[in-house]
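In my numbering, the protein residues as written are 128 to 825. All remarks here apply to the structure that follows.
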Amino acid sequence: MKHPVRLERQNGVAVIAIENPPVNALSTAVRRGILGALHAALSDDTITAIVIAANGKTFPAGADISEFGQPAQEPSLPELCDLIEASHKPVLAALHGTVLGGGLEVAMAAHYRVAHDQTQLGLPEILLGLLPGAGGTQRAPRLVGVDMALDMMLTGKPITADQAQRIGLVDGLAGDDLRDVVKALAAETREVRPTRDQRQHLLDGKQFMARIAARRAQLRPKALAENKIVDCVEAALLLPFDAGRDIEREAFTDCLASPVSAGLRHSFFAERRAPKFPELTQTGPRPVNSGPLPVNAVGIVGGGLMGSGIAIACLDAGLPVTLVEQGEDGVTKALDRIGAHYQRGVETGRITEAQGSAALTHLTLTTTLDALNAQDIIIEALPEDLELKQEMFRKLGGIARYGAVLASNTSYQDVAVLQQASGRPGDVLALHFFAPAHRMKLVEIGVPRNVDPQAVVTAHALTKMLGKMPVRSAAVPGFIGNQMLVAGRRAADRLLLDGATPAQVDNALRSFGFPMGPYQIQDMSGLDIGWARRRAQPEDPDPRYLSLADRMCEAGWFGQKTGKGYYVYAEGERHGVPNPDMLHLLAEERRAKGITARKFTDRQLRDHLLLTWVNEGARLVGTGTATRPSDVDAVMVHGFGYPRWRGGPMLDADQTTPFQILRRIEILQKEDPSLWDIAPLLREMAAERGKFADLNEA
Ligand code: T1G
């Protein structure tokens with residue numbers, strides 16, 4: 128492996144050049160390389176100044192997050208930063224790209240900093256449930272003052288090079304000649320300037336402490352990393368540098384050990400692992416007729432809620448869209464929906480008038496399906512009716528250009544039927560967007576067995592162009608997300624049958640961190656949707672099937688849209704109160720089934736659903752529907768509001784251990800055999816004392 132750090136010497140200046148793509152993360156090898164180069168430069172009498180720079184996309188974008196949780200390796204980043212700062216020769220940092228976290232801490236330990244004018248600089252550790260652990264909490268307030276330091280650390284948001292220069296975080300800016308500018312500056316620099324000795328922002332202790340108190344008052348007491356950040360910045364004022372740095376070290380260790388940080392770090396990697404489809408290593412995207420991109424024009428069939436949302440996502444990515452709707456009325460409704468989105472964007476200042484109109488110039492609305500004869504991908508977004516979709520794919524098969532990809536936005540129809548209808552099965556797959564499609568990052572790509580891998584790569588490329596996170600699923604009805612959802616709902620309904628109420632289940636999941644509970648969500652999306660699907664399928668033979676939702680729909684209670692569902696909603700209200708008539712129907716159903724209601728604690732309700740999701744996730748991974756357990760986590764977090772700082776059900780399972788999970792499910796299975804079909808993979812994991820994380824590198 129090429130050494131990740133090189134030392135170049137020129138005209139008395141030593142350049143320590145880091146090369147550890149893709150983001151020059153400060154791994155153990157990089158830290159050792161920097162240390163070795165630093166020692167060599169310090170002991171070389173011909174060298175009068177040292178430059179730290181990086182090749183490739185960016186100056187280090189942080190510590191190597193993948194090393195956290197492993198035994199610490201010398202030199203630690205804090206030690207390395209202290210050695211850089213203690214250099215008896217001036218050290219200058221040449222900054223470019225996204226200088227984040229530990230990367231910015233290395234820069235702040237240098238004596239001078241010059242940034243390329245397009246550089247972003249930030250301390251985003253809070254997004255990982257951490258804090259800057261390499262001296263950042265002590266050096267940032269010394270360089271930029273208490274307010275800016277706390278802003279950067281508590282929001283995690285980067286600032287521009289201009290802002291950084293204005294607040295004194297960098298001493299100067301440069302263009303593409305950054306490296307030469309910094310080398311020239313180094314050649315004439317003789318003075319060291321240790322950041323730890325900078326005191327200009329610490330002189331007004333009273334004002335500093337007032338700012339600390341004000342910030343502390345805004346924090347939730349349980350927000351560990353946020354409170355620790357304020358404590359460390361307070362120490363920067365009150366204590367000598369080394370004592371403050373020791374407090375920071377302790378605080379960092381506490382945060383690193385917290386479940387919140389474990390969950391956020393898990394999510395960080397899960398979101399980057401999910402888009403790693405096997406097809407990407409096999410082939411490239413489909414050839415296109417015109418344009419430089421894998422997708423240069425998109426066709427959409429259906430301008431309803433989903434079709435319009437998908438159109439907006441494509442228009443926002445600068446892609447021309449041809450949207451086909453039925454009849455002039457359909458076209459008008461679609462245009463109203465899409466136009467209203469851009470109108471709202473202009474009114475709220477999110478976009479300019481010009482941006483709104485530019486996006487709309489890329490939109491062609493038509494009633495003519497033949498207009499879809501040139502696009503690189505066509506996305507069908509019709510209602511969930513198999514015959515309707517089948518007929519559409521039959522038509523598209525004869526209209527779409529040779530090589531175009533045909534994607535269905537279906538939630539749970541059988542993609543194989545659409546492949547067959549199209550007459551070109553190799554071109555057909557599913558692109559399951561989540562509503563609202565222009566905002567939700569998650570897109571499930573449903574991959575049928577006999578689809579052409581190039582078509583998958585083209586669909587994957589489109590999702591990345593839209594700034595989304597593609598997750599691969601076998602093309603089975605419901606893919607990953609809806610199968611997890613249906614399993615959870617089935618388990619929740621069993622809890623209602625046995626004595627819980629919808630409000631109790633909703634409250635239990637909200638206190639776990641979900642924004643909404645399953646029954647609130649069903650009221651919001653409309654109970655009639657699930658009802659229509661159930662009526663299209665054979666009657667559920669399960670004696671413990673809860674027919675409450677069917678009874679409610681028969682009574683015309685569809686949820687928010689009818690003002691009555693699991694909850695009753697006052698006019699225009701989105702928050703309802705439990706529907707007493709629903710509770711009456713529920714009590715009747717229990718009586719009819721001879722069930723005496725029992726009490727559940729929040730914890731019991733929550734654990735019951737968690738165990739259901741883990742078992743279903745294990746089934747989806749075991750059957751190859753999902754590629755890896757962390758994909759199931761990414762879908763639950765980004766599709767259904769599972770708290771991102773918890774990582775997901777499969778991470779939760781690892782923290783309990785699959786062995787324990789199986790034991791607990793076996794107890795529940797005795798009480799309710801038909802609900803618990805234990806996934807073979809879970810049994811395997813338990814028997815081997817393994818962890819689901821062992822399968823994440825798949
Ligand atoms: N460590 C290890 N791997 C990293 C990494 C990091 N810090 N940052 C990115 N990667 C990997 C990522 O997993 C992916 O891998 C590839 O790089 C491209 O990432 C002590 C404790 C820099 C803005 O939080 O915000 O320093 O998929 O897809 O969209 O105080 O990566 O190729 O195998 O995101 O161009 C603080 C996290 C760390 C920055 C680039 N730093 N990274 O975005 O690429 S903690 C961060 C990002 C720390 C110190 C503390 C983004 C990016 P793969 P990507 P991108």
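Positions of the beta carbon are idealized from the N, C-alpha and C atoms, including for glycine.
Alpha carbon of residue i to alpha carbon of residue j, nearest angstrom
{"i": "Arg240", "j": "Leu492", "result": "52 Å"}
{"i": "Gly457", "j": "Ile465", "result": "12 Å"}
{"i": "Glu700", "j": "Ile656", "result": "21 Å"}
{"i": "Val218", "j": "Asp758", "result": "44 Å"}
{"i": "Asp541", "j": "Val226", "result": "47 Å"}
{"i": "Gly418", "j": "Ala424", "result": "9 Å"}
{"i": "Ile439", "j": "Ala531", "result": "21 Å"}
{"i": "Val178", "j": "Arg343", "result": "38 Å"}
{"i": "Gly744", "j": "Gly644", "result": "19 Å"}
{"i": "Gly256", "j": "His130", "result": "31 Å"}
{"i": "Ala389", "j": "Asn823", "result": "15 Å"}
{"i": "Ile174", "j": "Pro367", "result": "31 Å"}
{"i": "Ala761", "j": "Val309", "result": "42 Å"}
{"i": "Ile648", "j": "Asp633", "result": "9 Å"}
{"i": "Ala397", "j": "Asp734", "result": "23 Å"}
{"i": "Trp740", "j": "Ala614", "result": "7 Å"}
{"i": "Glu474", "j": "Ala486", "result": "16 Å"}
{"i": "Ala144", "j": "Phe195", "result": "24 Å"}
{"i": "Ala719", "j": "Ala676", "result": "16 Å"}
{"i": "Met235", "j": "Ala562", "result": "43 Å"}
{"i": "Leu673", "j": "Asn706", "result": "17 Å"}
{"i": "Ala630", "j": "Ala724", "result": "15 Å"}
{"i": "Ala378", "j": "Arg616", "result": "41 Å"}
Residue i, buried or exposed, once every other Cβ within 10 Å from all chains shown has been counted against 16
{"i": "Tyr694", "result": "buried"}
{"i": "Val598", "result": "buried"}
{"i": "Lys726", "result": "exposed"}
{"i": "Arg551", "result": "buried"}
{"i": "Ile794", "result": "exposed"}
{"i": "Asn536", "result": "buried"}
{"i": "Thr380", "result": "exposed"}
{"i": "Gly766", "result": "buried"}
{"i": "Gly411", "result": "exposed"}
{"i": "His559", "result": "buried"}
{"i": "Pro348", "result": "exposed"}
Under the three-state DSSP convention, the category residue i falls into
{"i": "Thr739", "result": "helix"}
{"i": "Trp702", "result": "One detail in the question is off: residue 702 reads as His in this sequence, not Trp. Here His702 sits in coil by DSSP."}
{"i": "Leu420", "result": "coil"}
{"i": "Val574", "result": "strand"}
{"i": "Tyr646", "result": "helix"}
{"i": "His243", "result": "strand"}
{"i": "Pro785", "result": "helix"}
{"i": "Gln581", "result": "helix"}
{"i": "Glu815", "result": "coil"}
{"i": "Phe560", "result": "strand"}
{"i": "Val297", "result": "coil"}
{"i": "Ala384", "result": "coil"}
{"i": "Lys310", "result": "helix"}
{"i": "Ser154", "result": "coil"}
{"i": "Ser394", "result": "helix"}
{"i": "Gly183", "result": "coil"}
Close beta carbons around residue i, own chain, < 8 Å, minus the five adjacent residues each side
{"i": "Gly283", "result": "Gly249, Leu250, Pro251, Glu252, Ile253 and Leu254"}
{"i": "Gly751", "result": "Ala601"}
{"i": "Pro414", "result": "Gly530"}
{"i": "Thr494", "result": "Val451, Glu452, Gln453, Gly454, Glu455, Gly457 and Val458"}
{"i": "Ala167", "result": "Leu134 and Ala141"}
{"i": "Ala176", "result": "Gly139, Val140, Ala141, Lys216, Pro217, Val218, Leu219, Ala313, Ala314, Thr316 and Arg317"}
{"i": "Ala588", "result": "Pro412, Leu420, Pro421 and Val422"}
Same chain, Cβ closer than 6 Å to residue i, five either side skipped, listed in chain order
{"i": "Ala267", "result": "Ala276"}
{"i": "Gly434", "result": "Ile427 and Ala508"}
{"i": "Arg521", "result": "Ala548"}
{"i": "Ala498", "result": "Thr449"}
Beta-carbon contacts of residue i that lie in its chain and below 7 Å, excluding the five residues immediately before and after
{"i": "Arg828", "result": "This structure does not reach residue 828, given that the chain is present from 128 up to 825, and the question cannot be answered."}
{"i": "Ile792", "result": "Leu738, Asn742, Trp803 and Ile805"}
{"i": "Asp298", "result": "Tyr239, Arg240 and Val241"}
{"i": "Phe395", "result": "Ile192 and Leu255"}
{"i": "Val584", "result": "Glu406, Leu407, Thr410, Gly411 and Pro412"}
Closer than 7 Å: residue i CB and nearest the ligand MG heavy atom
{"i": "Gly594", "result": "The ligand content of the structure shown is limited to the ligand T1G, which means the ligand MG is not among them."}
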